[in-house]
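S.K.:
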Amino acid sequence: MNQFDKNKIITLDIQEPQQIKAALIQYQAMLISGEAFKEEQFDVEFRHSNAGKVRRLQTSDAGSNFGLLKSALIKGQGGSERYLNEEITDQSEVYISEPILFAAALQYPELKETIVATVKAIVDYSRRVNDTDEIWIDDTDVFGVEAVYMLAKTDLQYLYLLGQFFFPYWDEDHTGDCINYLAEFLAELGWHPEVIKAYIWCDNASFRLGMFMNNPYSDTPTHQSLGEYLTENPCQYGTFKQSVIERFQAELVLLYSYDEHSDEEEDLSGCNPVVWLYETLFPRRRHFYDDDLEDAFMQQPFMGSTLENEAYDLQGMVKGQVDGLLVKPAESALRKRARYKAYQERDEHRYDLNYGTEVLKPLILAMPQGDRLWLYIESGTERDALDAINEIELIPLAKAHAPLMFEHIDDQLCSWQYNNRGILDEIENILDLARDDLLTDHFGDESTIELANGLTTTLTVTLDSDITLLAARREQYLRIIDVFYRALGKREFNEYMMESLTEEDEPLLSRQDYYRRYSQLDEAVINGSVNETTTATTTATNRILSALEGLDPALARDVQSIFGTFIDRDEILYKLHFQRVDGVLRTSRELCHPKLWADCELADMGFFALASYQLFNDFNQRIGDDVTEALFNFLNEQHIWQMAAAKIIRSCRVRDDHHFPNSGLVDADITRIKAYFTADKPEDDQAELLALITPHLYRDDVNRGELHVNKFSEYQPGYTLFHDRDDDFQRFTLIAFWLRQLPLPLRVQADRLWRFLIALAPVRVARNIMRAHSDEPWDVTINNPLDEIDVTERLEKAGIKSGQLNAYEMSRHFHDNKCYQQWLDAYSEITSTATGMFGSIDRKKAEAMCEGLKYINEHTKIGFLHDVSLKYPEVSLDIEHDFKRALKLMVRLNIRSWENALAYEYGQACLYVGDGDDAPENLLKPIASDQHTVHDKPCYVDGCSWLKSTVLQQCGEQNIILMADHEVPLDSYQHSLPRGTLLIFNSEVENKTLLARIAELQDTTARIEHLCEQTWAYLEGEIDYDSIANLYNAHLAMDGFRPSLDEYRLYSMNQFIWTLDKPRRNRLAKLLLNQDCHGFKVLDENYEKCWLLHRLEQGEIDFNEYFEKVRESQRLRETSEEAMQFMLNWLIEIGVNLAHITRFCIKHTQFDVCCEFIQNHARGIYDHKDQGSFAQTLAYLYAGRRAQLPEILSRANDASQLIEPLTKDKSRLVKEAVMKFMVH
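Counting in the working numbering, the sequence shown runs from 66 upward without gaps.
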């Protein structure tokens, strides 16, 4: 059976009209009930049946409507004729029986009524789900569209159904060709009344726009827009408006989306669906949004008024004739909303005593011998009822008898696996209500105990009698799992379920007891555990299993699981895995012997790591026997170092004819690398090898266009060799770490590999080793401080510098306030002048850590150094180099391309800059070149070599090419402009001067350096604000400003602004926040921190209080009113544009002080500060923001006076908002 074959087969004689009618009626019923779909996939196929023979429908079955069927199939969904001339067999992955049926049905006029009813059912279903993901036929096509199209082609009055079919939440990326269906009718009929009706009934803005702009690669209209048609035919405008009213009276507009997971009901009163219709009346850019362009678009003249006024006038008329809202969510969204609320209610009770078991109980009772099964769960009796269970289909059983449990199961399952297999995959989550009930200590009391050192701790105290009860409830939970194990067909649970039972702090079962209870051991040991040996070949697995014969089956399975973990390269090895080795393998010398895996023909670094760990332990435990010798021989015979070298080489660029013809390692280099890691005495030393390998190692950088930055710090690049996927070289790192400590010949190569690794990335190597000692699998968390000290000391002895280890340890404890403060104290010793032994040691430790900070995440480093300087003012904050580097990165991220900088400098002399396709017609003249034309060098947008630039100058009735890219032939300009950026200058510009300036601006590196130098001079007070502001206006694109690389490991201007002294902080904030409102990103919601820093500087709080409050505000993401008030006062004080502050306050109206600022600004209180009047602020804000002001101003006592300027606003959107609050 093919992946998308259908299960619900409707048979009919395709030549018999009455059988076609019956099939259509049956199909209608399935659409109405939802049975036509299974797991969000169309699941119906129509087949021809005659004389006892059944076959799939063929395109020839369309009869006289074959041409109509062909048009429907090639119009969208791939536009292919692949189905039309080939037989559709049982093996064909072709699913077009629905359009064939409708094409055949449309041959018979007597079936018209049934066809229309069925098409309406198709449309109703599509609108009920409002999601393309729920109407797929296969992996490329959706259901229904051909049927609706063919009905409209044969009877135009039903064209509106095609418009209605295209719901708002449509996947345009994968089914964008469907836009051609509506566009075809416009192309053939023009703006026929039925075509206009289809436009009005279509709730998808892209499809409405696509009717006259159906070229996805251009914003140029392909047909006349409806707005232009109505403008040319004003007599049709009244009919258009009446049709809109009638549409809303018949059917509300479907919302694009609906918040299904909000705690509060979504307010839909602000939706403007009639305005949405008007927003697509005229051509507009579909993939670009600009507030100013949007305002201008809505203010364009239309019907003696503006487009916006007409839209709101009609919306007012519609509201007068339709009760309630004009929009509605899809039914599926309302169902999901109801499910979410039910989930919330269940979640509120999940830890209530007996809630989880009461939810589960009806499902158990509905099973065969359910009463006895429940007794088994409660007390362990009636075991024979458990043994009698065969597999049960749990979903229909829960739906019929246990509604709450069914809803809980339904929440956990995916639609494509809505069966027992799906329950098996999600069993841990499905049983979580029962687990939270039975494994929660409902009977203990919390007590707070004060320790001798003054600290307090909270303990749960449980009576001995209740401990017995808790133990009994734990057994009840296991017996629930017993029931599900059998009801699901005795299939293996997933690894998460196993871990939840065997690896928690208080495991319910040992791993071997788990296998005995929830595995069919004989079968499992014979067949192998698929989940646990995914990286092993079948042959290797069988060899291992053969070696385990004769062991207790549960023990054999446990051993096999350990092997599987070590050879699974996606598994990070951590403490638990080695505890399992110690607790299982090392309890028996026989189980330590490499013969268990040595013959498996799988030379895997996981087995090398396991053998190395065993050998290392034998040495430390002073064990030396035949097993020890066998382990040594195994490692000595397996060519470990060749494999390690090969893995390193695979992480390098290697020269070849295809990917790297001119760079990468050559054969001689590879030979040197292999020799270095394998030979007893290689010719190269470590420095030579690093110089050879490092330039070719694949980097794991932060990439932003052509900007590539080290992922961790300026001094520590990221390498894919150490990437978190595919083992990140942890196993070889452990092998080298262990073997280099043993008095064996292997130690020479092991030490060589180890020292290479720590030279390359010392902190990453330390992390790989510490992970093996970590109590958690992903974060390095070592709960026992003595263990942490021990592994740190061993790493230092192994050659990793103490400063690097200390810096890494600090970064790991960055969010542990107590440990972090201890590191602040330790680092403060860097200024110590003590001459004693201990004072000197502490100072050297701090100095080493200062150097080690270069190798950890930059963001953590700067935060740490800043905190040290705040707690210990005598420790200077020496981060000038880092700040200048962050400044350079910010400039590099935001620098304009040279052509925009040039256009800014030349002002009105530059007549046009932008995409050549959008240039005004009056500027497009015949293009020619002359003796001054520069055409011998590249000329393209910075960082986009594929996007060419052209510089023209007007000269009489021609445009002369001043500069063009050397790859673009000059004669091509005689036909059209090449795609890319176009600049047109007037005739008065001196062309030699212009070309010289272009050459200067195209040197982006020099521009960046100049901007950074000037910014630094400004921050130092050496140049004035106006000069630097003009420079930024010319060279930086602040719209969409990015203060950082958006990479949490790296520092950014958001972080540095709070580390600057007050004068420089003020200057930087004024510069960035005044350039554009997007400059506020530099504040990074650190409003509370700004306030707390001020209080710390003023001595109102000490560092400890500052530190605790900053951490708390960052954790809760909360800001106090006092902090926001201080922030606003600071912004006004340093001279930030009031319009920008107002926009900031509009976005933060949850703060009373923000609303008060806007109200005071409207009163003119800040006018004397020469930072902009309220009128200037209104002119700056786009209509959508201005429309938010009436609600804010209405909270003031003098609201009428404050709102009055907005009553004269040109935007109807604003006037509507004013009217709403004037009425109230």
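Here a beta-carbon is modelled for each residue, glycine too, at the ideal position from N, C-alpha and C.
Would Arg192 pass as a contact of Ala398 if the rule is Cβ separation under 8 Å?
M.R.: On the sequence shown, position 127 is the one that residue 192 refers to. On the sequence shown, position 333 is the one that residue 398 refers to. Result no, Cβ atoms of Arg192 and Ala398 do not sit closer than 8 Å.
S.K.: Three or more beta-carbon pairs under 8 Å between the segment 368-384 and the segment 328-342, yes or no?
M.R.: Output reads yes: the segment 328-342 touches the segment 368-384.
S.K.: What is the rounded straight-line gap between the Cα of Trp201 and the Cα of Asp108?
M.R.: Sequence index remark: in the sequence shown, residue 201 carries index 136 (1-based). Sequence index remark: in the sequence shown, residue 108 carries index 43 (1-based). One C-alpha to the other measures close to 9 Å.
S.K.: Give a yes or no on contact between the segment 912-930 and the segment 1108-1116, applying the rule of three or more CB pairs nearer than 8 Å.
M.R.: At 8 Å Cβ cutoff, the stretches touch.
S.K.: Rounding to the nearest angstrom, what Cα-Cα distance links Lys1212 and Ala186 in this structure?
M.R.: The residue labelled residue 1212 in the question sits at position 1147 within the sequence shown. The residue labelled residue 186 in the question sits at position 121 within the sequence shown. Going by the C-alpha atoms only, they are around 44 Å apart.
S.K.: Closest to Cys170 by C-alpha separation, out of Pro747, Thr1242 and Ala127, would be which residue?
M.R.: As a working note, residue 170 is residue 105 in the sequence shown. Residue identity check: residue 170 is Ala in the sequence provided, not Cys. Minimum Cα distance to Ala170 is reached at Ala127.
S.K.: Looking only at its chain, what residues have a beta carbon closer than 6 Å to the beta carbon of Thr345, apart from the 5 residues adjacent to it on each side?
M.R.: As a working mapping, residue 345 is identified with position 280 in the sequence shown. The answer, listed in chain order, is Ala270, Arg273 and Leu274.
S.K.: Give a yes or no on contact between the segment 685-704 and the segment 819-835, applying the rule of three or more CB pairs nearer than 8 Å.
M.R.: They do not touch, by the three-pair rule.
S.K.: Please give the ranges of any alpha helix (DSSP H) in the segment 179-260, keeping only runs that are unbroken, at least 4 residues long and fully inside the region.
M.R.: As far as the segment 179-260 is concerned, its whole alpha helix (DSSP H) runs of at least 4 residues are 210-219, 224-230, 237-240 and 244-254.
S.K.: Ordered along the chain, which non-local residues of its own chain (more than five positions away) have a Cβ less than 6 Å from that of Tyr408?
M.R.: What you label residue 408 is simply residue 343 of the sequence shown in a count that begins at 1. Around Tyr408: Asp476.
S.K.: Quick one: grab the DSSP three-state call for Ile591.
M.R.: In the sequence shown, residue 591 corresponds to position 526, counting from 1. Summary for Ile591: the model assigns pLDDT 41, below 50, so the residue's position carries little reliability; its value from the coordinates is reported in the next sentence. Three-state DSSP puts Ile591 in a helix.
S.K.: The beta strand (DSSP E) that contains Pro980, what's its start and end?
M.R.: Position 915 of the sequence shown, counting from 1, holds the residue named residue 980. For the sequence presented, residue 980 should be read as Asp rather than Pro. From DSSP, the beta strand (DSSP E) with Asp980 extends over Cys975 to Asp980.
S.K.: Apart from the five residues on each side of it in sequence, which residues of its chain come closer than 6 Å, Cβ to Cβ, to His352?
M.R.: Walking along the sequence shown from the start, residue 352 turns up at place 287. Low confidence applies to His352: its pLDDT is 48, below 50, so where it sits in the model is not reliable, and the reading given next is rough at best. Answer for His352: no residue qualifies.
S.K.: Determine whether the beta carbon atoms of Arg1182 and Asn882 lie at a separation below 8 Å.
M.R.: Here residue 1182 refers to the residue found at position 1117 when the sequence shown is read from its first residue. Here residue 882 refers to the residue found at position 817 when the sequence shown is read from its first residue. No, the pair does not count as a contact, with Cβ atoms beyond the cut-off.
S.K.: Taking DSSP's pairing of strands, which residues face Tyr784 in a bridge?
M.R.: For this step, residue 784 is matched to residue 719 along the sequence shown. Arg764, per the DSSP bridge assignment.
S.K.: What are the residues that DSSP puts in a beta bridge with His1031?
M.R.: Reading the sequence shown from its first residue, position 966 is the one you call residue 1031. DSSP lists no partner for His1031.
S.K.: In or out: Cys1292 buried (at least 16 other Cβ within 10 Å) or exposed?
M.R.: Look at the range of the chain in this structure, 66 to 1289, and you will see that residue 1292 is not part of it.
S.K.: Anyone know if the C-beta pair for Ala911 and Ile895 falls short of 8 Å?
M.R.: Sequence index remark: in the sequence shown, residue 911 carries index 846 (1-based). Sequence index remark: in the sequence shown, residue 895 carries index 830 (1-based). The answer is yes: Cβ separation under 8 Å.
S.K.: Where does Ile75 sit, in a helix, a strand or coil, going by DSSP?
M.R.: To locate residue 75, count along the sequence shown from 1; it is residue 10. Looking at Ile75 - three-state DSSP - the assignment turns out to be strand.
S.K.: Please report the residue range of the beta strand (DSSP E) in which Ile1049 lies.
M.R.: Translated into positions along the sequence shown, residue 1049 becomes position 984. Here the beta strand (DSSP E) through Ile1049 covers Gly1045 to Phe1050.
S.K.: Considering only DSSP beta bridges, list what Pro366 is partnered with.
M.R.: Within the sequence shown, residue 366 is the residue found at index 301, counting from 1. DSSP, once it has assigned bridges, lists Thr371 as partnering Pro366.
S.K.: Asn419: buried (16+ other C-beta within 10 angstroms of its C-beta) or exposed?
M.R.: Residue 419 sits at position 354 when you count from the first residue of the sequence shown. Exposed is the call here.
S.K.: Quick test of the definition: if touching needs 3 or more C-beta pairs under 8 Å, does the segment 478-491 touch the segment 451-468?
M.R.: The segment 478-491 is in contact with the segment 451-468.
S.K.: In terms of residues, what are the limits of the beta strand (DSSP E) holding Gln1019?
M.R.: Sequence index remark: in the sequence shown, residue 1019 carries index 954 (1-based). Counting along the chain, the beta strand (DSSP E) containing Gln1019 begins and ends at Cys1009 to Cys1020.
S.K.: If distances are taken between C-alpha atoms only, which option among Asp198, Arg654 and Ala968 comes closest to Cys479?
M.R.: On the sequence shown, position 414 is the one that residue 479 refers to. Checked all of Asp198, Arg654 and Ala968; the closest Cα to Cys479 is Asp198.
S.K.: Give the secondary structure of Ile865 by DSSP, where H, G and I count as helix, E and B as strand, and everything else as coil.
M.R.: For the purposes of this step, residue 865 is taken as residue 800 along the sequence shown, with counting starting at 1. In this structure, Ile865 counts as coil in the three-state DSSP scheme.
S.K.: So Leu772 is in the beta strand (DSSP E); what residue range does that whole segment cover?
M.R.: Counted from its first residue, the sequence shown places residue 772 at position 707. Where Leu772 is concerned, the enclosing beta strand (DSSP E) stretches over Leu772 to Val774.
S.K.: Assign Gln301 to one of three DSSP states: helix, strand, or coil.
M.R.: One-based indexing of the sequence shown puts residue 301 at position 236. Looking at Gln301 - three-state DSSP - the assignment turns out to be helix.
S.K.: To which residues of the same chain is Leu1193 closer than 8 Å at the C-beta, ignoring the five residues directly before and after it?
M.R.: In the sequence shown, the residue the question calls residue 1193 occupies position 1128. Here the set comprises Ile1206, Cys1210, Val1218, Cys1219 and Phe1222.
S.K.: Looking at the unbroken alpha helix (DSSP H) that takes in Asn965, where does it start and where does it end?
M.R.: For the purposes of this step, residue 965 is taken as the residue at position 900 of the sequence shown. First-last of the alpha helix (DSSP H) with Asn965: Trp963 to Tyr971.
S.K.: Specify the secondary structure class of Asn596 as computed by DSSP and reduced to three states.
M.R.: For this step, residue 596 is matched to residue 531 along the sequence shown. The predicted model places Asn596 with a pLDDT of 44, which falls under 50 and marks its position as unreliable; any figure quoted below should be read in that light. If DSSP states are grouped into helix, strand and coil, Asn596 belongs with coil.
S.K.: Mind checking whether Asn1262 and Phe1106 have CB atoms under 8 Å apart?
M.R.: What you label residue 1262 is simply residue 1197 of the sequence shown in a count that begins at 1. What you label residue 1106 is simply residue 1041 of the sequence shown in a count that begins at 1. It is not a contact, given that the beta carbons lie outside the stated cut-off.
S.K.: Quick one: does the C-beta of Arg486 sit closer than 7 Å to a heavy atom of the ligand NAD?
M.R.: Summarising the ligand content, the structure contains no ligands, and the ligand NAD is consequently not present.
S.K.: When burial is assigned at 16 or more other CB atoms within 10 Å of the CB, is Asn1100 buried or exposed?
M.R.: Residue 1100 sits at position 1035 when you count from the first residue of the sequence shown. One point to set straight first is that residue 1100 is His, not Asn, in the sequence displayed. With 16 or more Cβ atoms within 10 Å of its Cβ, His1100 is classed as buried.
S.K.: Which residue comes first and which comes last in the alpha helix (DSSP H) that contains Phe879?
M.R.: On the sequence shown, residue 879 is found 814 positions in, with the first residue counted as 1. It is not in any alpha helix (DSSP H) - Phe879 carries neither H nor E in the DSSP assignment.
S.K.: How far does the alpha helix (DSSP H) with Lys1002 in it extend, from its first residue to its last?
M.R.: Within the sequence shown, the letter at position 937 stands for residue 1002. Careful: Lys1002 lies outside any alpha helix (DSSP H) and carries neither H nor E.
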